[in-house]
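Residue numbers (the working numbering): 122 to 268.
Using N, Cα and C, we set each Cβ at its ideal position, and we do this for glycine too.
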Amino acid sequence: MPTPETSGNLTEQLLRLTRRLHRAQKRHMEPLGITPAQSRLLRTLAHCDGPPRMADLAQRLEVVPRAVTTLVDALEAHGSVRRAPDPANRRAVRVELTDAGRATLRALRDARRTAAEDILAPLSDRQREVLGELLDTLADTPDHGRC
């Protein structure tokens, strides 16, 4: 049975790795002019069946609606998203990806892959498989990124 000390050490290792991966991703995303929060919003949009309402995005991202407004403003200025009226509710606004947004998403995926490669470089193919299996076991939670 694991000791509290072992669990504490694992927690610290996971936190250090998460911070390192976040820094690597941020470094690789910087040339694209996209922040990690904007990247998360774009990824969330990409997994939606249709353009979500801003309130739905706030709920999915677990942030206040004002934060979504700020992110959408920046991504709209970047040309990655556009606001569209909700046909069912004239007061509601939906957010949709543009072609430029889809291209940005592809570039972000490449940047994330490169960042992951930087972190995973010391591992063999077999070690990566084992790590993937372990992470799948730990990440056995519902996907909150879907609309």
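Could you have a look at residue i and say whether DSSP puts it in helix, strand or coil?
i	result
Glu-217	strand
Asp-207	strand
Val-202	strand
Output yes or no for whether 9 angstroms exceeds the beta carbon distance between residue i and residue j.
i	j	result
Leu-162	Val-193	yes
Ala-213	Arg-181	no
Ser-160	Leu-252	no
Arg-233	Ala-167	no
Ile-240	Arg-164	no
His-149	Ala-221	no
Residue i to residue j, Cα distance in whole Å?
i	j	result
Glu-197	Asp-207	17 angstroms
Gln-248	Leu-256	12 angstroms
Glu-133	Arg-211	49 angstroms
Kindly list the residues whose CB is nearer than 8 angstroms to the CB of residue i, restricted to its own chain and excluding five residues on each side of it in sequence; keep chain order.
i	result
Thr-219	Gly-200, Ser-201, Val-202 and Arg-203
Excluding the 5 residues preceding and the 5 following residue i in the sequence, name in chain order all residues of the same chain whose CB lies nearer than 7 angstroms to its CB.
i	result
Pro-172	Ala-205, Arg-215, Val-216 and Glu-217
Lys-147	Pro-157
Ala-195	Gln-159
Contact defined as beta carbons within less than 8 angstroms: I believe residue i pairs with residue j. What is the distance between those atoms, to the nearest angstrom?
i	j	result
Leu-153	Thr-258	With a Cβ gap of about 32 angstroms, Leu-153 and Thr-258 do not count as contacting.
Identify, in the order they occur along the chain, each residue of the same chain with its Cβ nearer than 6 angstroms to the Cβ of residue i, setting aside the five sequence neighbours on each side.
i	result
Ala-188	none
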